[in-house]
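Before any comments, here is the structure.
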Amino acid sequence: AQKITQTQPGMFVQEKEAVTLDCTYDTSDQSYGLFWYKQPSSGEMIFLIYQGSYDEQNATEGRYSLNFQKARKSANLVISASQLGDSAMYFCAMEGNQGGKLIFGQGTELSVKP
Amino acid sequence: DTEVTQTPKHLVMGMTNKKSLKCEQHMGHRAMYWYKQKAKKPPELMFVYSYEKLSINESVPSRFSPECPNSSLLNLHLHALQPEDSALYLCASSQVGGGTYTDTQYFGPGTRLTVL
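Quick note, the sequences are listed as chains V and G, same order.
Numbering (my numbering) for the first sequence: 1 to 114.
Numbering (my numbering) for the second sequence: 1 to 116.
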């Protein structure tokens, strides 16, 4: 069975500092994709970044980077230079070979302090 | 800006009402999804349509009835709901669906449903 674990229910970070949100996963699939989504209080799930299981380089998208450690089965999200608008719930998710099912973690609520 | 739109943004309905949620995507995607999300919890998959055919039904009660009139539109028909069905309903789309692990799902803004 596939599983995503996010161990930080809530986190605080000072504006302009970097923050790492943890995500570990468990799967027996050889091919899988890892995703991070941001969900502000408005409700929309915003896609941030994707890492494929065969990608050798860590994914980056602007201020977001994904620290992918395959042997440890971890896919941590790093947000550089935090902004007040980064305050939101962040979900790590995985898709394997199971017909379009995204498996989500429980989420981490990030609060950015001015 | 999201290219997945959902209407209405908010919906309040009684337990005897019939209503529908609508979702439209403008990205040429061939897979569309309905999720239900309770506060502070991850989304739960309800239905998946791939190439306009229902490919996944996660044992959702029959008071929820999905419909995919074409590859751009997805409806969720609601009838005789219970107060515990109150939640955020999210629609998503992706290029192909069907277990392609590189297939990113893009979500709409959601409909906040309250059942009285």
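Where a beta carbon is used, it is the ideal one built from N, C-alpha and C, also for glycine.
Computed from a predicted structure; not experimentally measured.
- DSSP links V12 (chain G) through a beta bridge to G:T114.
- Taking a C-beta distance under 8 Å as the contact criterion, T20 (chain V) and V78 (chain V) qualify as a contact pair.
- Those residues of the stretch 9–29 of chain G placed with their C-beta closer than 8 Å to a C-beta in chain V do not exist.
- Residues of the same chain with a CB within less than 6 Å of the CB of Q95 (chain G), apart from the 5 flanking positions on each side, are H29 and D103 in chain order.
- The stretch 23–69 of chain V contains, as complete beta strand (DSSP E) runs of 3+ residues, the segments 24–26, 33–39, 46–52 and 64–69 (chain order).
- Runs of the beta strand (DSSP E) lying entirely within the stretch 20–49 of chain G and spanning at least 3 residues, in chain order: 31–37.
- In the structure shown, L84 (chain V) falls within a helical segment according to DSSP collapsed to helix, strand and coil.
- Following the DSSP letters along the chain, one finds G10 (chain V) inside the beta strand (DSSP E) bounded by residues G10 to Q14.
- The Cβ-Cβ distance between V48 (chain G) and G100 (chain V) falls below 8 Å.
- With a beta-carbon spacing of about 6 Å, Q6 (chain V) and C92 (chain V) fall inside the 8 Å limit used to define contacts.
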